[in-house]
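Chemist:
In my numbering, the protein residues as written are 910 to 995.
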């Protein structure tokens, strides 16, 4: 497959720094403010674990519970997809 690409020193996760993102992992989904990215993990502030999404068109998650820490670290190799949803 051929693909038009623009070379940039930032990876896709780094372009979302400072934004509230949602990360889909193999077992759970997480959401929070992306504050750090390195080769092994990302850090989100004010993290929530999403137990039930509800309709993706809704303005809020059906069941997203705040984790008991200000920051949460997620291993890069556990991430299946990520982006800005809600």
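Don't be surprised by glycine CBs; every beta carbon is placed ideally from N, CA and C. Because the structure is a prediction, the values reported are computed rather than measured.
Using a Cβ-Cβ cut-off of 8 Å (strictly less than) and excluding sequence neighbours within five positions of residue 970, which residues of its own chain qualify?
Modeler: On the chain shown, position 61 is the one that residue 970 refers to. The residues are 940, 957, 959, 961, 962, 963 and 995.
Chemist: What does the alpha-carbon distance come out to for the pair residue 948 and residue 935?
Modeler: Position 39 of the chain shown, counted from the first residue, corresponds to residue 948. Position 26 of the chain shown, counted from the first residue, corresponds to residue 935. Taking the straight line joining both Cα atoms gives about 19 Å.
Chemist: Would you say residue 951 reaches chain D, if we count a Cβ-Cβ gap shorter than 9 Å as a contact?
Modeler: Within the model displayed, chain D is absent; a lone protein chain is all it includes.
Chemist: Which of the three DSSP states is assigned to residue 851 in this structure?
Modeler: Nothing about residue 851 can be read from this structure; the chain reaches only from 910 to 995.
Chemist: For the putative contact between residue 988 and residue 953, defined by C-beta atoms under 8 Å, what is the C-beta separation to the nearest angstrom?
Modeler: Here residue 988 is taken as the residue at index 79 of the chain shown, counted from 1. Here residue 953 is taken as the residue at index 44 of the chain shown, counted from 1. Not really, about 11 Å apart at Cβ, beyond 8 Å.
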